[in-house]
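To start, the structure itself, in structure tokens.
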Amino acid sequence: MSRTLLRVFRELSGSQEPGEVGAAECGPHGPPLLILGPPGCGMSGLMFLVAALAAEEEGTVLYLCPEPLQTVPKAGRAARDPLILKKIHFVYPPSMKDLLQFFSSLHLTSPAPSLILVDGLERYLPPTCSLHDGALISSLMLDSVSHSRCGLLVSAAPNSMGTDEAFLAVERYFPNQCLVYHELSSGIKEQVFKMSFMSPRPEWNLRVEEDGSIRVSSCVAIGDQCPTSQD
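Each residue of the sequence shown is one higher than the one before, starting from 4 at the first, in the numbering used here.
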């Protein structure tokens, strides 16, 4: 999944460089990936673009979130065939119980999806949830996609007051992570964030404009100091 997300970064930045993330490949999308970031950092936009990219090249894509997206993200290639979006099936489990039920019955889905995205896991795991709740949903998601041989991408904005018990478990189950964090505010019309993977790899800049559109650029492109691989 890290490589698929990097392809979205390159599309948003207009880069033709292949890029590397150093993640082991497991299946068509690589190991499951967890995106962690603050509210309003454009994670839903990134998730939607991953879904669109996968729908162009793979089979059915399932996009899970508690409620429908309010707007289609304004980013990526404008020339995408609208029929591609019909391969993205939106599912709206309203509660933790429904999300657990969905993954418990995933093996009955035919044909199996090529990719599952869970957007906004924190809305299923409020601060009152326990370590057990985080471990339960994480293990069930991972076991289910492993059985179905499909990719998994999960986004979450954990409680800003501190690390909830539930997310302590989630992060243990998802060692492959992309972190989004505040960098600076360059004005009232956009917010600027940094994005990086867990091990030393190139970072990216993510800009969220006032209208909700997102832009990505490599930090190298604007002269920032980026971590380099130790390989």
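Just so you know, even glycine gets a beta-carbon here, dropped at the ideal spot from N, CA and C.
Which same chain residues, not among the five before or five after residue i, have their C-beta less than 6 Å away from its C-beta?
| i | result |
| --- | --- |
| N257 | Given a span of 4 to 234 for the chain in the structure shown, any question on residue 257 remains unanswerable. |
| L36 | M4, S5, L156 and N179 |
| F177 | L37 |
| A58 | V64, I87, K90 and I91 |
| T112 | none |
CA-CA distance, residue i and residue j?
| i | j | result |
| --- | --- | --- |
| E213 | G40 | 18 Å |
| E60 | S151 | 18 Å |
| L49 | T63 | 18 Å |
| S141 | L86 | 32 Å |
| E286 | G215 | No statement about residue 286 is possible, as the shown extent of the chain runs from 4 to 234 and does not include it. |
| E14 | A54 | 13 Å |
| A169 | L102 | 15 Å |
| G137 | K89 | 32 Å |
| L182 | P116 | 26 Å |
| S98 | Y127 | 6 Å |
| P96 | L118 | 17 Å |
| G123 | S47 | 8 Å |
Could you check where the beta strand (DSSP E) with residue i kicks off and where it finishes?
| i | result |
| --- | --- |
| F93 | I91 to V94 |
| S107 | Note, S107: premise wrong, no beta strand (DSSP E); alpha helix (DSSP H) at M99 to S107. |
| S158 | G154 to A159 |
| E212 | W207 to E212 |
| S221 | I217 to S221 |
Counting only the same chain and skipping the five closest in sequence on each side, list residues whose C-beta sits under 8 Å from that of residue i.
| i | result |
| --- | --- |
| W207 | F12, S16, K197, M198, S199, V219, S220, S221 and C222 |
| G43 | Q194 and V211 |
| L171 | L134 and G137 |
Name the DSSP bridge partner or partners of residue i?
| i | result |
| --- | --- |
| D122 | S158 |
| I38 | S158 and C181 |
What is the residue span of the alpha helix (DSSP H) that residue i lies within?
| i | result |
| --- | --- |
| S151 | L134 to S151 |
| S16 | S5 to S16 |
Skipping 5 residues on each side, what residues in its chain have a beta carbon closer than 7 Å to that of residue i?
| i | result |
| --- | --- |
| E143 | The sequence as given places Leu at residue 143; Glu does not occur at that position. Contacts found: L103, F106 and S107. |
| L109 | S147 and S151 |
Using 8 Å as the limit for Cβ to Cβ distance, is residue i near chain B?
| i | result |
| --- | --- |
| E61 | Included in the structure is just one protein chain, with no chain B present. |
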